[in-house]
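Okay, structure first, notes after.
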Amino acid sequence: MIHTSIIIPAHNAAATIDLQLESIYRQTECLPFEVIVVCNRCTDNTVETALQWSEKIDIKVLEANELAGASYARNVGSNKARGEQLLFLDADDAIGEHYIAHSQQALEEKTIFCGGYPPVPYSAFTSLERALSYLEYFEYEPPREETFNPEWPVLAGGSLGIRRSLFRELGGFDPTYEPGAEDNEFGYRAYLAGYPAGSFPPATIAYRMPEKQIRSGQVMRKRAKSSALLLTTMGNWKANPITKGKLPFIMVLFTLAAGLKQVIKEQKLSRAWQERFFTNIGLLEGYIQYQVLGKKPLSQLGRGL
């Protein structure tokens, strides 16, 4: 009998998913589990790479191409899950040796948790041993709900445990939101329903840091605009760590002023300034559209379930 379903959304993850599946294969002292890899618009050989583990672990590979994004893929995977416990992981990380066992025990006591996700350099993922050497071992203790911050409910979708019944009750993930906001929006809904996702260090992943943390300005703008949608939904433009009480148009003005000083002094704009500028533009765009004009997009909550 399958006790736990591990759901891994994957988009062109052939180069990274092998290490994650190896870390799952090496789990100890855990109850029976299955792995569901959900390929979302993959154009590489992610499917074949994942299926190479079929003789070692109970694994199935699904394709979910109707909508792009991890939220949609997670919903599709949960719909095929046999376990009452759901663990959501990402395809480019790796889990500690006792991750599943500790998670299974935690979900007997609590309904939802957010596991640990310390950043590990991209270069460390040449082997599982090297990647996991960055992790600190924690003895088991229940998830700590008091660590949850309702003003900005940070939730890592790549290290999340939840009972399937609660996941269905909450309606799954909402693909309306961009990466970075989709997880937090789910955590906020769980909190409103009376289920704050406390931190759970005993279930820790090696979170793979990008080789080069360079994102296009348009990507950063879209993600910031999605965060603006969440802030509007929460009614929390004042007490949050993103705007820190400042209105977005003030943030843009400050950024422009800082950029002018930088150009005068250095004759160029730094990458950090560009990232801050596009982020603040996205926040301003979202503030005007969602908060001022009240034009929020149609929710896609539960799409794929």
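Residue 0 is where the sequence shown starts when you use numbering that gives the first Met the number 0, and the numbers rise one by one after that.
Glycine is no exception: its CB is placed at the ideal position from the N, C-alpha and C atoms.
In chain order, what residues of the same chain have a beta carbon less than 7 Å from the beta carbon of residue 257, not counting five sequence neighbours either side?
The residue given as residue 257 occupies position 258 in the sequence shown. 272, listed in sequence order.
Quick one: what's residue 262 bridged to in DSSP?
Taking the sequence shown and counting its residues from 1, one reaches residue 262 at position 263. BP columns for residue 262 are empty, so no partner.
Given that a residue counts as buried once 16 or more other Cβ atoms are within 10 Å of its Cβ, and exposed if not, what is residue 67?
By 1-based counting over the sequence shown, the position of residue 67 is 68. When all chains shown are included, residue 67 counts as exposed.
Using the beta-carbon count (16 or more within 10 Å), is residue 380 buried or exposed?
This structure does not reach residue 380, given that the chain is present from 0 up to 304, and the question cannot be answered.
For residue 275, which residues of its own chain have a beta-carbon under 6 Å away from its beta-carbon, when the five flanking residues on both sides are left out?
Locating residue 275 in the sequence shown gives position 276, where the first residue counts as 1. If we look at residue 275 and ignore the five residues flanking it on each side, its Cβ neighbours are 254.
Which one or two residues does DSSP pair with residue 206 in a beta bridge?
Along the sequence shown, read from residue 1 onward, the residue named residue 206 stands at position 207. In the DSSP output, where bridge partners are listed per residue, residue 206 has 118.
Using the C-alpha atoms, what's the distance from residue 108 back to residue 251?
The count along the sequence shown starts at 1 and reaches residue 251 at position 252. The count along the sequence shown starts at 1 and reaches residue 108 at position 109. The straight-line gap from Cα to Cα measures roughly 46 Å.
Assign residue 37 to one of two classes, buried (16 or more other C-beta atoms within 10 Å of its C-beta) or exposed (fewer than that).
If you number the sequence shown from 1, residue 37 lands on position 38. With 16 or more Cβ atoms within 10 Å of its Cβ, residue 37 is classed as buried.
Whether or not the region 163 to 182 and the region 50 to 62 are in contact is what I'm after, with contact meaning three or more pairs of Cβ atoms, one per stretch, closer than 8 Å; do they touch?
Counting C-beta pairs with one atom in each stretch, the region 50 to 62 and the region 163 to 182 have fewer than three that are closer than 8 Å, which means they do not touch.
In the DSSP output, what is residue 32 paired with across the bridge?
The count along the sequence shown starts at 1 and reaches residue 32 at position 33. Its beta-bridge partners are 3.
Where residue 301 and residue 161 are concerned, what is the direct C-alpha to C-alpha distance, given to the nearest angstrom?
Position 302 of the sequence shown holds residue 301. Position 162 of the sequence shown holds residue 161. Approximately 16 Å between the Cα atoms of the pair.
What are the partner residues of residue 160, as DSSP defines its beta bridges?
In the sequence shown, residue 160 corresponds to position 161, counting from 1. According to DSSP, residue pairing for residue 160 in a beta bridge involves 86, 112.
Return the first residue and the last residue of the alpha helix (DSSP H) that residue 228 is part of.
Walking along the sequence shown from the start, residue 228 turns up at place 229. Counting along the chain, the alpha helix (DSSP H) containing residue 228 begins and ends at 216 to 233.
Distance, Cα to Cα, residue 152 vs residue 197?
Residue mapping note: residue 152 aligns to position 153 of the sequence shown, counting from 1. Residue mapping note: residue 197 aligns to position 198 of the sequence shown, counting from 1. In a straight line, the C-alpha of residue 152 is about 10 Å away from that of residue 197.
Tell me the rounded alpha-carbon separation between residue 27 and residue 129.
Here residue 27 is taken as the residue at index 28 of the sequence shown, counted from 1. Here residue 129 is taken as the residue at index 130 of the sequence shown, counted from 1. Approximately 19 Å between the Cα atoms of the pair.
Figure out for me which residue from 138, 5, 199, 96 has the closest Cα to the Cα of residue 73.
Indexing the sequence shown from 1 puts residue 73 at position 74. Cα-wise, what sits closest to residue 73 is 5.
Would the region 237 to 250 and the region 176 to 188 be scored as touching if the rule is three or more Cβ pairs under 8 Å?
Verdict: no, contact absent.
When we look at the beta-carbon of residue 248 and count the other beta-carbons within 10 Å, is it buried (16 or more) or exposed?
Here residue 248 corresponds to residue number 249 of the sequence shown, with the count starting at 1. Counting Cβ neighbours within 10 Å, residue 248 comes out exposed, since fewer than 16 surround it.
Is residue 78 closer than 7 Å to residue 389 when the C-beta atoms are compared?
It is not possible to answer for residue 389, since the shown part of the chain is limited to 0 through 304.
Given a cut-off of 7 Å, decide if residue 112 and residue 142 are closer than it, judged by their beta-carbon atoms.
Within the sequence shown, numbered from 1, the residue matching residue 142 stands at position 143. Within the sequence shown, numbered from 1, the residue matching residue 112 stands at position 113. For the 7 Å CB-CB criterion, residue 142 and residue 112 form a contact.
For the alpha helix (DSSP H) containing residue 128, list its first residue and its last residue.
Taking the sequence shown and counting its residues from 1, one reaches residue 128 at position 129. Where residue 128 is concerned, the enclosing alpha helix (DSSP H) stretches over 127 to 131.
Do residue 127 and residue 93 count as a contact pair if the criterion is CB distance below 7 Å?
As a first step, residue 93 must be located in the sequence shown, where it is residue number 94. As a first step, residue 127 must be located in the sequence shown, where it is residue number 128. Yes. Within cutoff.
Let me know the secondary structure DSSP gives residue 143 once reduced to three states.
As a working note, residue 143 is residue 144 in the sequence shown. It is a strand residue.
Roughly how many angstroms lie between the CA atoms of residue 34 and residue 237, to the nearest whole one?
Locating residue 34 in the sequence shown gives position 35, where the first residue counts as 1. Locating residue 237 in the sequence shown gives position 238, where the first residue counts as 1. Straight-line Cα distance between these residues: approximately 41 Å.
How far does the beta strand (DSSP E) with residue 60 in it extend, from its first residue to its last?
Residue 60 sits at position 61 when you count from the first residue of the sequence shown. Unbroken beta strand (DSSP E) run through residue 60: 58 to 62.
Can you name, in chain order, every residue of its own chain whose Cβ lies under 6 Å from the Cβ of residue 195, other than the five neighbours on each side?
Here residue 195 refers to the residue found at position 196 when the sequence shown is read from its first residue. Counting only Cβ-Cβ distances below 6 Å, and skipping sequence neighbours, we find 144, 147.
So, with DSSP's three-state summary, where would you put residue 196?
As a working note, residue 196 is residue 197 in the sequence shown. It is coil, neither helix nor strand.
In the DSSP assignment, find the unbroken alpha helix (DSSP H) run with residue 272 in it and report its ends.
Start at 1 with the first residue of the sequence shown, and residue 272 comes out as number 273. Residues 270 to 285.
Could you check if residue 210 is buried or exposed, using at least 16 other CB atoms within 10 Å of its CB as the buried criterion?
Along the sequence shown, one-based indexing puts residue 210 at 211. Exposed, by the Cβ-count rule.
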